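Q: Residues in the sequence shown are numbered consecutively from 22, following my numbering. Where a beta carbon is used, it is the ideal one built from N, C-alpha and C, also for glycine. None of these values were measured; they are calculated from a predicted model.
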Amino acid sequence: MPVPSYITDPHNGLAARVTEFGQLVTSPIAYSVPVAQTLSVIDTAYNYIEPEANHQIVITDIILTSDKNVGASGASVQVYCADAVDSTTVLTDGGVLDIEMLKNTSRDLIGLNFIVGKGFWVNAKTDDNNIQLTIGYYRVPVD
22 MPVPSYITDP
32 HNGLAARVTE
42 FGQLVTSPIA
52 YSVPVAQTLS
62 VIDTAYNYIE
72 PEANHQIVIT
82 DIILTSDKNV
92 GASGASVQVY
102 CADAVDSTTV
112 LTDGGVLDIE
122 MLKNTSRDLI
132 GLNFIVGKGF
142 WVNAKTDDNN
152 IQLTIGYYRV
162 PVD
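#1: Could you tell me whether the region 60-68 touches the region 143-162, where touching means 3 or more Cβ pairs closer than 8 Å?
#2: Alpha carbons only, please: which of S26, A57 and S108 is nearest the one belonging to L154?
#3: Please report how far the alpha carbon of I80 lies from the alpha carbon of L112, in whole angstroms.
#4: Could you tell me whether the Cβ of A103 comes closer than 8 Å to any Cβ of chain E?
#5: What does a CB cutoff of less than 7 Å around Y27 pick up in its chain, not counting 5 residues either side in sequence?
#6: I'd like to check one pair, I83 with R160: are the Cβ atoms closer than 8 Å?
#7: Can you tell me where the beta strand (DSSP E) holding A51 begins and where it ends?
#8: Quick check: what's the CA-CA separation for V46 versus T29?
#9: Given T59, which residues of its chain have a CB within under 6 Å of its CB, disregarding the five upstream and five downstream residues?
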């Protein structure tokens with residue numbers, strides 16, 4: 022016999038709920054926003070996500086595809102946190118992903134839960150000019 026019960030946050034009084042999939046949710050669920058670009062210029066910063074006041078970025082998905090024109094040695098792709106929209110400098114404490122892509126391959130990194138530091142941009146760069154990259158993310162409010 023089920024026993025009616027409630028789980029509430031002692032700080033703000035918000036009640037948890039159970040989704041239709043049986044997940045216990047204690048905070049707002051947000052949908053991922055996809056941003057897709059082709060990395061077509063070598064060693065250039067491609068901005069994917071800009072910081073927003075009072076929010077942090079949560080990366081949920083990274084999908085990479087390389088085409089038949091990628092060089093024989095493959096392509097190095099970096100998704101990273103930066104302190105400026107056009108920065109190619111990977112912050113020491115802000116790396117997200119450094120991956121090698123061979124010709125005609127794809128990688129689907131889904132179900133991630135990477136939080137980006139406050140005030141950082143999410144950028145990407147490559148050493149080959151034939152990479153398609155999609156990043157899915159949402160924002161969470163911070164105090």
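A: In short:
#1: Proximity of the region 60-68 to the region 143-162 meets the contact definition, three or more beta-carbon pairs being nearer than 8 Å.
#2: A57
#3: 17 Å
#4: Absence of chain E from the displayed structure is noted, only one protein chain being present.
#5: A36
#6: no
#7: That residue, A51, is in no beta strand (DSSP E); it is neither H nor E in DSSP.
#8: 11 Å
#9: Q153
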